[in-house]
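Chains as they are written, first to last, in the numbering used here: chain A, 12 to 347; chain B, 12 to 347. Note that CB positions come from ideal geometry on N, CA and C, so glycine has one too.
Protein chains: 2
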Amino acid sequence: MVIDNNFYMTLALREAWKYQGLTYPNPAVGCTIVAESGEILAVEAHHKAGESHAEVNALKAAYFKLTNDSYILSLQNSANIHTHLLSNHHGIFENAKLYTTLEPCSHQGKTPSCANLIAELGIKEVYVGSNDRNKKAANGSLILSMSNCTVYSEIMKAECDALLLPFEKILESNFVFFKWAQRLNGTTDAGIISSESSRKQVHAMRDVCDLLIIGGGTVRADRPTLDARLVDGKAPDILVLSRKQDFDKMIPLFSVKGRKVFIEDNLERLREYKNIMIEGGSQMYALTRNVVNYYLCYIAPSLGGEQSIKFGDDKFEFLNVDKESEDIIVWMKRRI
Amino acid sequence: MVIDNNFYMTLALREAWKYQGLTYPNPAVGCTIVAESGEILAVEAHHKAGESHAEVNALKAAYFKLTNDSYILSLQNSANIHTHLLSNHHGIFENAKLYTTLEPCSHQGKTPSCANLIAELGIKEVYVGSNDRNKKAANGSLILSMSNCTVYSEIMKAECDALLLPFEKILESNFVFFKWAQRLNGTTDAGIISSESSRKQVHAMRDVCDLLIIGGGTVRADRPTLDARLVDGKAPDILVLSRKQDFDKMIPLFSVKGRKVFIEDNLERLREYKNIMIEGGSQMYALTRNVVNYYLCYIAPSLGGEQSIKFGDDKFEFLNVDKESEDIIVWMKRRI
Numbered sequence: 012m013v014i015d016n017n018f019y020m021t022l023a024l025r026e027a028w029k030y031q032g033l034t035y036p037n038p039a040v041g042c043t044i045v046a047e048s049g050e051i052l053a054v055e056a057h058h059k060a061g062e063s064h065a066e067v068n069a070l071k072a073a074y075f076k077l078t079n080d081s082y083i084l085s086l087q088n089s090a091n092i093h094t095h096l097l098s099n100h101h102g103i104f105e106n107a108k109l110y111t112t113l114e115p116c117s118h119q120g121k122t123p124s125c126a127n128l129i130a131e132l133g134i135k136e137v138y139v140g141s142n143d144r145n146k147k148a149a150n151g152s153l154i155l156s157m158s159n160c161t162v163y164s165e166i167m168k169a170e171c172d173a174l175l176l177p178f179e180k181i182l183e184s185n186f187v188f189f190k191w192a193q194r195l196n197g198t199t200d201a202g203i204i205s206s207e208s209s210r211k212q213v214h215a216m217r218d219v220c221d222l223l224i225i226g227g228g229t230v231r232a233d234r235p236t237l238d239a240r241l242v243d244g245k246a247p248d249i250l251v252l253s254r255k256q257d258f259d260k261m262i263p264l265f266s267v268k269g270r271k272v273f274i275e276d277n278l279e280r281l282r283e284y285k286n287i288m289i290e291g292g293s294q295m296y297a298l299t300r301n302v303v304n305y306y307l308c309y310i311a312p313s314l315g316g317e318q319s320i321k322f323g324d325d326k327f328e329f330l331n332v333d334k335e336s337e338d339i340i341v342w343m344k345r346r347i
Numbered sequence: 012m013v014i015d016n017n018f019y020m021t022l023a024l025r026e027a028w029k030y031q032g033l034t035y036p037n038p039a040v041g042c043t044i045v046a047e048s049g050e051i052l053a054v055e056a057h058h059k060a061g062e063s064h065a066e067v068n069a070l071k072a073a074y075f076k077l078t079n080d081s082y083i084l085s086l087q088n089s090a091n092i093h094t095h096l097l098s099n100h101h102g103i104f105e106n107a108k109l110y111t112t113l114e115p116c117s118h119q120g121k122t123p124s125c126a127n128l129i130a131e132l133g134i135k136e137v138y139v140g141s142n143d144r145n146k147k148a149a150n151g152s153l154i155l156s157m158s159n160c161t162v163y164s165e166i167m168k169a170e171c172d173a174l175l176l177p178f179e180k181i182l183e184s185n186f187v188f189f190k191w192a193q194r195l196n197g198t199t200d201a202g203i204i205s206s207e208s209s210r211k212q213v214h215a216m217r218d219v220c221d222l223l224i225i226g227g228g229t230v231r232a233d234r235p236t237l238d239a240r241l242v243d244g245k246a247p248d249i250l251v252l253s254r255k256q257d258f259d260k261m262i263p264l265f266s267v268k269g270r271k272v273f274i275e276d277n278l279e280r281l282r283e284y285k286n287i288m289i290e291g292g293s294q295m296y297a298l299t300r301n302v303v304n305y306y307l308c309y310i311a312p313s314l315g316g317e318q319s320i321k322f323g324d325d326k327f328e329f330l331n332v333d334k335e336s337e338d339i340i341v342w343m344k345r346r347i
């Protein structure tokens, strides 16, 4: 294995993908910090909108590793972490290298600018994957370059762009992903398939989705709630894709508070939403194939079941394969 | 992500699993070397019997990284690498840490002892996953401890033991793994499924297998050769598991030189062999279920096909999931 810039960027990428689908309306971003000595000080990601950016999470972990100042671990608010770092860094980051999958933000949003923080800490080399085309946040590289920091752009650009695509689609119009869970042998019937940690992750995604699309057949058969109760999250609006309107309104999904439910036979409704998850099987795959950007599959370490997915003859590219929990979690895109 | 001893050991583990099934009669082993500064100098694995051990591959890469002495890159023979390192190290490894999934070998086999080399290079901390129960090679940790080196044992022991299991089974009796390739939706019919690089890897495994088991139905239907031509390797002996003896002897597998072919209706023949691969589908899975140690599945990024694997309701534990090439490569064991 070659230990080079791509290795450090790959660590950042893998960490960031763990939070894909969870950071809306922010992008999934990962960051690795390498000390002047060559030691990896931190590999962190952005977890959730409103929380610290990947760079701040990484600087926080790196600062603790270098100083053992545990006070910083008690800080959750990004502005407070910025302030503590700026007051206490004493030049420890001066010759560190920072790898980030996305150009550090230039703007003061919910958190202060990462580019300014990195510049003020005296980091001299920043390796960037994708450039930020979001006008509000862009020009972080310019701020860094003007501050005596060398910025190396387009490190693993294709991989970083694939990580960023959901965010870019949201800026442009919306991001649509199709999620399913299957056993190793491709079956989707016969009870609960994926692990509790995978199901929690899906609930956390529902919490930040604004629309969830589901097929009428599934609603009738499974009588689901489709909320985010496993993470105490909010329930997204629902589009039941169905030609018929006659659903038993006692099915739990219809009585979740604060949610709109549409029963429609087309996908026009998507135009009103930004972050859209589809949960379904073979029929939904076919019906939504032309609007889906990414696919997310949970593969459970089991066999059994009778009913296999039948999605035609499509080919995919595996974008990220994660095996931190019991299941294999695969993000992929269809090859056109 | 926590950057600690487990992180460095995990890098060694992931690298080693890439060569699982290829190192027979040696174990798959991985090694990470971290400089005194904390910089990762190398992450390497043992690739093939007769070639350098993981520790030597890692020391070679680390030495080059530290010295830029490209002469060492020209050395393939392990004894020559040992000699060059011992003559030219000038103490550069003295405070390095070495992480190895298996206790460094103590014996002079096809290559000189790794434990002596590590001790003579002055490495002061060695982190070991599994202890070597192979009497010929064991006691590496003792050699190190007697040489002013601190050995930390049982780092990620369960994971390292899972990596080592094939070797231990071979010492004990034999190792049997069941390999199949499928599409994402679990189908195994309708032509070539896995990528060229996956197929080459399977041929490389056949090259070091001594027995390959295949079902009679597959032999009749596919008329395979079952050699290792993609890697110019040797063809293993074949056990065709079949009740009937009447095969068309024009089927290519019967005329590969230097190979024995058995047509038998039982698995008694396994006792005569050490490293045994089974290639098959649903029927072979059922017939061999009680003798298989590990399963190896190549998952191609595609859909299509009609015939799904039907392996019953077994549960697995995913031991390693690799996505370096186009396919996902999964090593797993059945949960009892």
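Pair within 8 Å by beta-carbon distance, residue i and residue j
{"i": "residue 198 of chain A", "j": "residue 317 of chain A", "result": "yes"}
{"i": "residue 345 of chain B", "j": "residue 325 of chain B", "result": "yes"}
{"i": "residue 242 of chain B", "j": "residue 214 of chain B", "result": "yes"}
{"i": "residue 333 of chain A", "j": "residue 29 of chain A", "result": "yes"}
{"i": "residue 82 of chain A", "j": "residue 19 of chain A", "result": "no"}
{"i": "residue 184 of chain B", "j": "residue 48 of chain A", "result": "no"}
{"i": "residue 90 of chain B", "j": "residue 123 of chain B", "result": "yes"}
{"i": "residue 151 of chain B", "j": "residue 115 of chain B", "result": "yes"}
{"i": "residue 299 of chain A", "j": "residue 224 of chain A", "result": "yes"}
{"i": "residue 92 of chain B", "j": "residue 117 of chain B", "result": "no"}
{"i": "residue 134 of chain B", "j": "residue 14 of chain A", "result": "no"}
{"i": "residue 210 of chain A", "j": "residue 314 of chain A", "result": "no"}
{"i": "residue 239 of chain B", "j": "residue 221 of chain B", "result": "no"}
Same chain only: Cβ atoms within 6 Å of residue i, ignoring 5 sequence neighbours per side
{"i": "residue 173 of chain A", "result": "330"}
{"i": "residue 274 of chain A", "result": "251, 253 and 256"}
{"i": "residue 263 of chain B", "result": "236"}
{"i": "residue 58 of chain A", "result": "30"}
{"i": "residue 32 of chain B", "result": "216"}
{"i": "residue 149 of chain A", "result": "143"}
Residue environment, residue i, which counts as buried when at least 16 other CB atoms sit within 10 Å
{"i": "residue 103 of chain B", "result": "buried"}
{"i": "residue 286 of chain B", "result": "buried"}
{"i": "residue 233 of chain A", "result": "exposed"}
{"i": "residue 276 of chain A", "result": "exposed"}
{"i": "residue 108 of chain B", "result": "buried"}
{"i": "residue 71 of chain A", "result": "buried"}
{"i": "residue 41 of chain A", "result": "buried"}
{"i": "residue 203 of chain B", "result": "exposed"}
When the options are compared against residue i, the one with the closest alpha-carbon
{"i": "residue 129 of chain A", "options": "A/166, A/299, A/142 and A/96", "result": "A/96"}
{"i": "residue 53 of chain A", "options": "A/45, A/279 and A/226", "result": "A/45"}
{"i": "residue 258 of chain B", "options": "B/227, B/269, B/268 and B/266", "result": "B/227"}
{"i": "residue 162 of chain B", "options": "B/126, B/231 and B/343", "result": "B/126"}
{"i": "residue 168 of chain A", "options": "A/14, A/62, A/315 and A/24", "result": "A/24"}
{"i": "residue 336 of chain B", "options": "B/309, B/322 and B/343", "result": "B/309"}
{"i": "residue 260 of chain A", "options": "A/231, A/269 and A/27", "result": "A/231"}
{"i": "residue 244 of chain B", "options": "B/212, B/159 and B/224", "result": "B/212"}
{"i": "residue 22 of chain A", "options": "A/56, A/34 and A/35", "result": "A/56"}
{"i": "residue 229 of chain A", "options": "A/34, A/290 and A/267", "result": "A/290"}
{"i": "residue 182 of chain B", "options": "B/203, B/35, B/202 and B/196", "result": "B/35"}
{"i": "residue 303 of chain A", "options": "A/295, A/207, A/189 and A/271", "result": "A/189"}
Cβ-based neighbour list, residue i, same chain, cut-off 7 Å, excluding 5 preceding and 5 following
{"i": "residue 131 of chain B", "result": "97"}
{"i": "residue 38 of chain B", "result": "113, 175 and 178"}
{"i": "residue 293 of chain B", "result": "320, 321 and 322"}
{"i": "residue 106 of chain A", "result": "47 and 135"}
Cut-off 8 Å between Cβ atoms - residues of its own chain near residue i, not counting five sequence neighbours on either side
{"i": "residue 16 of chain A", "result": "110, 138, 163 and 166"}
{"i": "residue 75 of chain A", "result": "81, 83 and 84"}
{"i": "residue 200 of chain A", "result": "316, 317 and 318"}
Residue i beta carbon near the ligand NAP (any heavy atom closer than 7 Å)
{"i": "residue 248 of chain A", "result": "The ligand NAP is not part of the structure shown, which contains no ligands of any sort."}
Members of the segment 178–199 of chain A that neighbour chain B once the beta carbon cut-off is set at 9 Å:
193, 194, 195, 196, 197 and 198
The segment 325–341 of chain B: which residues have C-beta closer than 9 Å to a C-beta of chain A, in chain order?
325, 326, 327, 328, 329, 331, 332, 333, 334, 337, 338, 339 and 341
With 8 Å as the C-beta to C-beta threshold (strictly closer), list the residues of the segment 89–106 of chain A near chain B in chain order.
none
Using a Cβ-Cβ cut-off of less than 9 Å, list which residues of the segment 46–61 of chain B approach chain A; keep chain order.
Per Cβ criterion, the list reads 46, 47, 48, 49, 50, 51, 52, 53, 54, 55 and 56.
Residues in the segment 206–240 of chain A having any Cβ partner in chain B nearer than 9 Å
none
Contact residues within the segment 285–298 of chain B, judged by C-beta distance below 8 Å to chain A
none
Output, in sequence order along the chain, the residues in the segment 23–41 of chain B whose CB is closer than 8 Å to any CB in chain A.
26
Using a Cβ cut-off of 8 Å, which residues of the segment 311–324 of chain B contact any Cβ in chain A, in chain order?
312, 313, 314, 315, 319, 320, 321, 322, 323 and 324
Any C-beta of chain B within less than 9 Å: which residues of the segment 125–145 of chain A qualify?
none
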